[in-house]
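Counting along the sequence shown from 1, when you hit position 179 you're at 179 in full-length UniProt numbering, and nothing is skipped either side.
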Amino acid sequence: MSALRVHRHLLADFAPAIRLLSSWTGRWNHVRRSSKHLHRTCSTGHVDNGEILLQWRRKNFKSVEKDTQELFQKVMSRVPQPVIVVTTGEYDPCTNKWNKRGVTCSSFSSVSASPSVISFCLQQESRMHDMLRRVGKFAVHILAEDQVRHALHFSKRAEDGQSQFESTPHIQGEEGLPIILGCLAVMLCETHSYHGVGDHNVWYGFVNGVSLSETIHEPLIYFFRSFRSVGDQVFLQAFENATLPFTDWTHEAHLRMAWNYIKDYGPEGATPYIKLGIQKYNERNKEKIKVGYHETITIFFIHLVSKAIKESMDAKMTFEQFLTENRHLTDADLLFEYYSKEVLNQPDARNR
Numbered sequence: 001m002s003a004l005r006v007h008r009h010l011l012a013d014f015a016p017a018i019r020l021l022s023s024w025t026g027r028w029n030h031v032r033r034s035s036k037h038l039h040r041t042c043s044t045g046h047v048d049n050g051e052i053l054l055q056w057r058r059k060n061f062k063s064v065e066k067d068t069q070e071l072f073q074k075v076m077s078r079v080p081q082p083v084i085v086v087t088t089g090e091y092d093p094c095t096n097k098w099n100k101r102g103v104t105c106s107s108f109s110s111v112s113a114s115p116s117v118i119s120f121c122l123q124q125e126s127r128m129h130d131m132l133r134r135v136g137k138f139a140v141h142i143l144a145e146d147q148v149r150h151a152l153h154f155s156k157r158a159e160d161g162q163s164q165f166e167s168t169p170h171i172q173g174e175e176g177l178p179i180i181l182g183c184l185a186v187m188l189c190e191t192h193s194y195h196g197v198g199d200h201n202v203w204y205g206f207v208n209g210v211s212l213s214e215t216i217h218e219p220l221i222y223f224f225r226s227f228r229s230v231g232d233q234v235f236l237q238a239f240e241n242a243t244l245p246f247t248d249w250t251h252e253a254h255l256r257m258a259w260n261y262i263k264d265y266g267p268e269g270a271t272p273y274i275k276l277g278i279q280k281y282n283e284r285n286k287e288k289i290k291v292g293y294h295e296t297i298t299i300f301f302i303h304l305v306s307k308a309i310k311e312s313m314d315a316k317m318t319f320e321q322f323l324t325e326n327r328h329l330t331d332a333d334l335l336f337e338y339y340s341k342e343v344l345n346q347p348d349a350r351n352r
């Protein structure tokens with residue numbers, strides 16, 4: 001390869017960095033030109049150059065910060081993240097019972113190999129954060145690919161007095177830590193430290209014990225593509241990849257899928273995602289499907305979910321809150337209030 005071709009090849013490789021540096025240089029030169037202009041203007045006594053420069057810089061940096069955040073989200077959408085569940089337990093002598101708590105986390109990292117230290121993030125002012133401060137010990141579970149239900153379950157807010165582990169296969173370790181069964185790996189940790197960053201607390205833990213499955217090899221991973229909760233993001237990614245366990249593909253799962261797409265794209269924009277997604281998932285699980293894709297039923301529930309979202313008063317509500325306010329959507333007989341079985345069984349209704 002000639003020197004000229006090598007030179008062009010290197011320029012192509014470094015083009016994104018060069019454009020970024022040019023962008024920064026352009027912004028800095030603009031600040032300098034603006035500063036000179038403001039100084040000349042202020043020398044006449046008409047304008048306070050310091051205040052206007054500060055105003056311009058505040059406005060400009062807000063714009064730059066917004067651009068940076070958008071680009072950051074695009075970068076992170078291409079970086080796979082492992083899905084973990086952190087659990088801990090606290091003995092209550094008044095009730096003679098263990099209070100067990102778990103939470104799904106998406107920001108997990110190995111910090112040090114010697115000593116072995118890991119980190120994860122929790123939202124500030126969470127009850128899990130408070131319990132971890134008191135207990136000082138926790139278990140980190142690396143979820144397996146087929147454990148989407150656990151990612152969803154522990155991403156939900158647990159009400160006071162509610163047992164998160166009632167329907168979760170687990171054992172309780174000697175120190176009271178709940179250990180979820182069937183995970184790719186489990187690490188037993190003691191608190192090293194924690195500190196606040198933005199709207200999260202970063203926790204660091206010494207790893208004192210590790211259990212690694214000899215039969216499970218594929219971790220549950222996800223890509224941060226939107227402002228969905230980690231549970232919804234993991235669920236939707238598993239649905240789109242048709243890796244969601246068939247036992248988890250319930251009526252409620254259909255509603256969750258439609259709710260996420262409609263909130264992101266609106267009823268009209270979400271419809272092709274919903275229809276094609278169901279057909280792809282059904283095709284992947286065709287040996288297990290008893291009743292295939294049904295056009296009329298799909299459009300019917302898209303309409304009902306869209307209507308319920310539109311009538312909702314809280315745009316930030318979770319799917320669980322949405323479902324609580326719209327329990328009629330889970331009624332098994334709701335469909336038959338509008339359609340007879342004879343109509344639904346007609347080929348035109350199925351494939352319209």
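Where a beta carbon is used, it is the ideal one built from N, C-alpha and C, also for glycine.
Bear in mind the structure is a predicted one, so any value in this text is a computation, not a measurement.
| Asked | Found |
| --- | --- |
| Buried versus exposed, by CB contacts within 10 Å (16 or more), T215 | exposed |
| CB contact check: G136 to chain D, cutoff 8 Å | Looking for chain D here will not work: only one protein chain is present. |
| Contact under 8 Å by Cβ, V135 with L244 | no |
| F319 versus H195 - alpha carbon distance | 30 Å |
| I221 beta carbon less than 8 Å from that of V83 | yes |
| Chain-order list of residues whose beta-carbon lies under 6 Å from that of A158 (same chain, five-residue window excluded) | Q164 |
| Stretch-stretch touch, CB-based, cutoff 8 Å, three pairs: the stretch 242-257 with the stretch 89-109 | no |
| CB contact flag (M187, V140, <8 Å) | yes |
| N150, enclosing alpha helix (DSSP H) - first and last residue | What sits at residue 150 in the sequence shown is His, not Asn. Where H150 is concerned, the enclosing alpha helix (DSSP H) stretches over 148-153. |
| Cβ shell of V103 (< 6 Å), same chain only, five flanking positions each side left out | V86, M128, F154 |
| Buried versus exposed, by CB contacts within 10 Å (16 or more), D13 | Only weak support exists for where D13 lies, its pLDDT of 48 falling under 50; the coordinates are left without a value. |
| Whole-angstrom distance between N345 and H170, CA atom to CA atom | 43 Å |
| Of the residues E125, N99, V343, L71, the one placed nearest I297, counting alpha carbons only | V343 |
| E252 to A113 span [Cα, whole Å] | 42 Å |
| Stretch pair the stretch 313-332 + the stretch 276-290: three plus CB contacts closer than 8 Å | no |
| Under 8 Å between C-beta atoms of residue 367 and G231 | Because the chain is modelled from 1 through 352, residue 367 falls outside the range shown and cannot be assessed. |
| R256 burial status per 10 Å Cβ neighbour count (16 or more: buried) | buried |
| Straight-line gap, V305 to Y273 (C-alpha atoms, nearest Å) | 15 Å |
| Beta-carbon gap between I180 and T168 smaller than 8 Å | yes |
| Sequence-distant residues of its chain with Cβ nearer than 8 Å to R284 (five each side left out) | A242 |
| Unbroken stretches of the alpha helix (DSSP H), 4 residues or longer, contained in the UniProt domain "Flavin reductase like" (76-229) | 127-135, 148-153 |
| CB of F138 within 8 Å of CB of L177, strictly | yes |
| Residues near H30 by beta carbon distance below 6 Å, same chain, minus five either side | Its pLDDT being 45, under 50, H30 is placed unreliably by the model, and the measurement read from it follows with that caveat. Closer than 6 Å at the Cβ level, and outside the excluded window around H30, lies no residue. |
| Span of the alpha helix (DSSP H) around T271 | 251-284 |
| Close Cβ partners of M131 (< 7 Å) along its chain, the five nearest in sequence each way excluded | T88, E90, R101 |
| E190 versus Y204 - alpha carbon distance | 9 Å |
| F72, buried or exposed, once every other Cβ within 10 Å from all chains shown has been counted against 16 | exposed |
| Inter-residue Cα distance where the pair is R33 and S116 | Model confidence at R33 stands at a pLDDT of 46, short of 50, so the residue's coordinates are unreliable; what they give is reported in the following sentence. Rounded to whole angstroms, R33 to S116 spans 51 Å at the Cα level. |
| Residue burial classification, Q81 (beta-carbon count within 10 angstroms, cutoff 16) | buried |
| Cβ-based burial, A315 [other Cβ within 10 Å; buried from 16] | exposed |
| Three-state secondary structure (DSSP) of N351 | helix |
| Three-way DSSP call (helix, strand, coil) for L71 in this model | helix |
| For I302 and M313, the rounded distance between their alpha carbons | 19 Å |
| Rounded straight-line distance, which links the Cα of N96 to that of S211 | 29 Å |
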